[in-house]
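Data block below; observations after.
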Amino acid sequence: MISYIFPPPAQTAVPIENSDALFPVRRILCVGRNYAAHRAEMGGDDREPPFFFSKPADAIRNQGDNPAYPTVTKNLHHEIELVVALKSGGANIPVSEALDHVLGYAVGVDLTRRDLQNSAKDKGHPWDAGKAFDGSAPISAIRPWTGSPPQGRIAIAVNSQVKQASTIDNMIWSVAEVIAEASKLWTLAPGDLIYTGTPEGVGPLVKGDKVEGEIDGVGTLTFTVA
Ligand code: MN
3 MISYIFPPPA QTAVPIENSD ALFPVRRILC VGRNYAAHRA EMGGDDREPP
53 FFFSKPADAI RNQGDNPAYP TVTKNLHHEI ELVVALKSGG ANIPVSEALD
103 HVLGYAVGVD LTRRDLQNSA KDKGHPWDAG KAFDGSAPIS AIRPWTGSPP
153 QGRIAIAVNS QVKQASTIDN MIWSVAEVIA EASKLWTLAP GDLIYTGTPE
203 GVGPLVKGDK VEGEIDGVGT LTFTVA
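Per our numbering, the sequence shown starts with residue 3, numbered consecutively.
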């Protein structure tokens, strides 16, 4: 009989709306620079295609589990994002079949230590310290979904002031293209979440800020920076 030297890590999970079942999280992929206006505010080249980075599964913070202001940084930023939850996967998935793998969508925030990310960019270092820290992936419940992905308004308010507002159809890579592109690089599987990128208007958060994200038809996410 196999025994572990200590108990295996707890399975991170996200609630599914109107269900007792939980979505077990395997991996979190994130798209960088998937909205042209955000790519411009980050100083990106307008011919550069979007790209991927990742966060650990336990970076997830569900609604009601407020993320703590992270260590080391002096410039924590919000990035409101549509999150895709996969019920199946594979490698080299064609765009035409990509949406068949979607269980549903959620509202997510890609919390970013912008100062550490910028210094990593300057030095050509990895982004992990800027992006993949504890509590860096707040998320709403997953809304099950079939058919065409959400296309409507995506917005975030900090202390009731709207900071980012755009529409999902401004994404450079559509949801189907994001899945297809990711599956060229990694074999996707049930339990994978993909944060699909943020529109323009990213900005700082401080301890005590009340953050309210909303995506038309998908839901809302509210948390306070603890
Ligand atoms: Mn992002």
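Idealized CB from N, CA, C, for every residue including glycine.
Closest by C-alpha distance to residue i, when choosing among the options
{"i": "residue 189", "options": "172, 134, 60, 94", "result": "94"}
{"i": "residue 70", "options": "3, 159, 136", "result": "136"}
{"i": "residue 42", "options": "205, 212, 201, 208", "result": "201"}
{"i": "residue 21", "options": "36, 156, 145", "result": "145"}
{"i": "residue 206", "options": "176, 72, 97", "result": "72"}
Proximity test, Cβ basis, 8 Å: residue i and chain C
{"i": "residue 216", "result": "The structure shown contains no chain C; it holds only a single protein chain."}
Short Cβ contact (8 Å threshold) for residue i with residue j
{"i": "residue 199", "j": "residue 92", "result": "no"}
{"i": "residue 151", "j": "residue 107", "result": "yes"}
{"i": "residue 85", "j": "residue 104", "result": "no"}
{"i": "residue 25", "j": "residue 140", "result": "no"}
{"i": "residue 158", "j": "residue 213", "result": "yes"}
{"i": "residue 138", "j": "residue 57", "result": "yes"}
{"i": "residue 218", "j": "residue 154", "result": "yes"}
{"i": "residue 134", "j": "residue 16", "result": "no"}
Cross-strand partners of residue i (DSSP beta bridge)
{"i": "residue 212", "result": "226"}
{"i": "residue 80", "result": "205"}
{"i": "residue 167", "result": "157"}
{"i": "residue 88", "result": "104"}
{"i": "residue 114", "result": "79"}
{"i": "residue 109", "result": "84"}
Residues near residue i in its chain [Cβ-Cβ closer than 6 Å; skip 5 each side]
{"i": "residue 229", "result": "The structure shown does not extend to residue 229, since the chain spans only 3 to 228, so no value can be given for it."}
8 Å Cβ shell around residue i - same chain, five flanking residues per side excluded
{"i": "residue 77", "result": "115, 116, 117, 206"}
{"i": "residue 46", "result": "35"}
Self-check item: Runs of beta strand (DSSP E) lying entirely within the stretch 35-61, each at least 3 residues, in chain order
Solution: Taking only runs of at least 3 residues, the beta strand (DSSP E) segments lying wholly in the stretch 35-61 are 53-57.
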